[in-house]
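Numbering (my numbering), first residue to last: 15 to 397.
All residues carry an ideal CB built from backbone N, CA and C; glycine is no exception.
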Amino acid sequence: MVVFRVRGVPIRVGWSWLVIVALVYWSLSTVLFPTSYEGLATWVYLVMAAVATVLLFASLLVHELCHTLQSLREGVRIKDITLFLFGGVSQADEPIPGPGAEFRIVAAGPAASAVLMVLFGILAFAGNAAGLSDPSVGVLSYLARINGLLLVFNVIPALPLDGGRLLHALLWWRTGDHERATLLAAWSGRIFAILIISLGAVFLALGDTVGGVWFAAIGWFLYQAVGQEVAAARATQAFTGLHVRDLMTAPPVTLAPEMTIAELAERLDALHDHSAYPVVAGGRYVGTLMLSHAGAVPESRRRSVRVVDVMTPAELVAVLHPDDEVVDAAQTLGASVRSGADVPMSSVVLGGESGDEPVGVLSTADLERAIAAAPLRSSQRQS
């Protein structure tokens, strides 16, 4: 869900993020602050934890916004930001132009954490010297320590942490291959995640439930994130050099807008094994029919409801062309699927003399098959 926007960039948080917020609040209010500042009223610990939690995630937001602002300076537009425990994930509308730009974009985040660590440290020192209450100084001291911890943690050379991305920029500069650099840097991320999970298991075995849960959760998150990085890199490698015409299903089976759902059901066995079909009127593409939409029509109405009544209009469907590069086509199709709208998991490929005649269909299944077949194509080229 979108919480707010900064310079037009939507800031999103997932439901899992709310779980992390609750875990942070619980840890601070029941363990850290009561242990560090004994004898205070329960409501004081609750207020301290609430203020510290809000400012902690504000610090993480500043960290991520510094990445975003530097990205904009480098000419890389950011589509959205999704927050998580150690900062966030930025979705770019375009690739980073080079390793130097990546290094500067990544370094902006740890630099922000370093500034916040010093700022909160100075405030805590000044507050203590001025005789402020333990709760006030305690929150400021915690924020200084946690920003310092985030700084140290983030510069560890393991993907997807900032240090891992700095390592990726270095490997990219040395090898000249963005995807190969990702696969190499991913090893450090996997090893580090496994170490963190193992450390969590040790803490749990020693009876430290809070520490064990935290380390296990952090390690699991990192391992999953590394897997996503590797999957994206392998997909890009698999798609490089391919065009839409190489993967699309052609010729496509098309439907007439006036066809009834009952007539479609009678023809179902003769159709290709797809979940969506282009709808054509007068040789022009006008929309896509999803079988799930057709199947939702009550049986009693299928002889009166037509394809045009339940199809997805053309303007809501990602459209491709035969000469489009698959790397770009995958981003177009993926953006359409990730949008959350009820849209087909396939793109119509338009071409022909008019330029708007369906000549093929490219689906997510076609992309998955290309990734699976990439090693075979590579060995065939080498032979």
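By the 10 Å Cβ neighbour count, where 16 or more other Cβ atoms means buried, how is Gly-123 classified, buried or exposed?
-> Stepping through the sequence shown from its first residue, residue 123 is reached at position 109. Answer is buried; the Cβ neighbour count reaches 16.
Rank Ala-245, Ala-200, Ile-208, Tyr-51 by C-alpha distance to the C-alpha of Phe-229 and give the top, closest one.
-> As a working note, residue 229 is residue 215 in the sequence shown. Among Ala-245, Ala-200, Ile-208, Tyr-51, the Cα nearest to that of Phe-229 is on Ile-208.
Around the Cβ of Glu-78, are there at least 16 other Cβ atoms within 10 angstroms (buried) or fewer (exposed)?
-> The count along the sequence shown starts at 1 and reaches residue 78 at position 64. Buried, because 16 or more other Cβ atoms sit within 10 Å of the Cβ of Glu-78.
For Trp-187, which residues of its own chain have a beta-carbon under 7 angstroms away from its beta-carbon, when the five flanking residues on both sides are left out?
-> Within the sequence shown, numbered from 1, the residue matching residue 187 stands at position 173. Pro-113, listed in sequence order.
Start and end of the alpha helix (DSSP H) containing Ala-230?
-> As a first step, residue 230 must be located in the sequence shown, where it is residue number 216. Segment 223-253, the alpha helix (DSSP H) holding Ala-230.
Taking Thr-274 as part of the alpha helix (DSSP H), name the residues at either end of that continuous run.
-> Start at 1 with the first residue of the sequence shown, and residue 274 comes out as number 260. Premise fails: Thr-274 is in no alpha helix (DSSP H) and is neither H nor E.
List the whole-angstrom C-beta distance separating Leu-376 from Leu-347, where the pair is believed to meet the contact cut-off of C-beta under 8 angstroms.
-> Start at 1 with the first residue of the sequence shown, and residue 376 comes out as number 362. Start at 1 with the first residue of the sequence shown, and residue 347 comes out as number 333. That belief holds up - the Cβ atoms of Leu-376 and Leu-347 are roughly 7 angstroms apart, short of 8 angstroms.
For Leu-303, which residues from the same chain have a beta carbon less than 6 angstroms from its beta carbon, with the 5 sequence-adjacent residues on both sides left out?
-> Taking the first residue of the sequence shown as position 1, residue 303 is located at position 289. Correct list, in chain order: Leu-269, Tyr-291, Val-293, Val-321, Met-325.
For Ser-41, does the three-state DSSP call read helix, strand or coil?
-> Within the sequence shown, numbered from 1, the residue matching residue 41 stands at position 27. Three-state DSSP puts Ser-41 in a helix.
Identify which residue in Leu-60, Ala-55, Asp-94 has its Cα closest to the Cα of Arg-26.
-> Looking up residue 26 in the sequence shown gives position 12. Per the Cα distances, Asp-94.
For the alpha helix (DSSP H) holding Met-304, just list the boundary residues, first then last.
-> In the sequence shown, counting from the first residue as 1, residue 304 sits at position 290. Segment 298-304 is the beta strand (DSSP E) holding Met-304; no alpha helix (DSSP H) there.
How close, in whole Å, do the beta carbons of Cys-80 and Ala-125 come, if the pair is a contact with beta carbons under 8 angstroms?
-> As a position in the sequence shown, residue 80 is number 66, starting the count at 1. As a position in the sequence shown, residue 125 is number 111, starting the count at 1. Contact flag correct, Cβ pair sits at about 7 angstroms.
Going by C-alpha distance, which of Ala-247, Val-267, Leu-83, Ala-386 is nearest Gln-345?
-> Taking the first residue of the sequence shown as position 1, residue 345 is located at position 331. Of the candidates Ala-247, Val-267, Leu-83, Ala-386, the one whose C-alpha sits nearest the C-alpha of Gln-345 is Ala-247.
When the Cα of His-192 is compared with those of Pro-109, Ser-41, Trp-234, which residue comes out closest?
-> Within the sequence shown, numbered from 1, the residue matching residue 192 stands at position 178. It is Pro-109 whose Cα lies nearest to the Cα of His-192.
List the whole-angstrom C-beta distance separating Leu-334 from Ser-314, where the pair is believed to meet the contact cut-off of C-beta under 8 angstroms.
-> Here residue 334 refers to the residue found at position 320 when the sequence shown is read from its first residue. Here residue 314 refers to the residue found at position 300 when the sequence shown is read from its first residue. No, Leu-334 and Ser-314 are not in contact; Cβ-Cβ is about 38 angstroms, not under 8 angstroms.
Can you tell me the Cα-Cα spacing of Arg-298 and Pro-372, whole angstroms?
-> Residue numbering aside, residue 298 sits at position 284 when the sequence shown is read from its first letter. Residue numbering aside, residue 372 sits at position 358 when the sequence shown is read from its first letter. Each residue's alpha carbon lies about 8 angstroms from the other.
C-alpha gap between Glu-277 and Pro-171, whole angstroms | What you label residue 277 is simply residue 263 of the sequence shown in a count that begins at 1. What you label residue 171 is simply residue 157 of the sequence shown in a count that begins at 1. Cα to Cα, Glu-277 sits roughly 59 angstroms from Pro-171.
Classification of Ile-205 by the beta-carbon crowding that lies within 10 angstroms, buried from 16 upward = Position 191 of the sequence shown, counting from 1, holds the residue named residue 205. Under this definition Ile-205 is an exposed residue.
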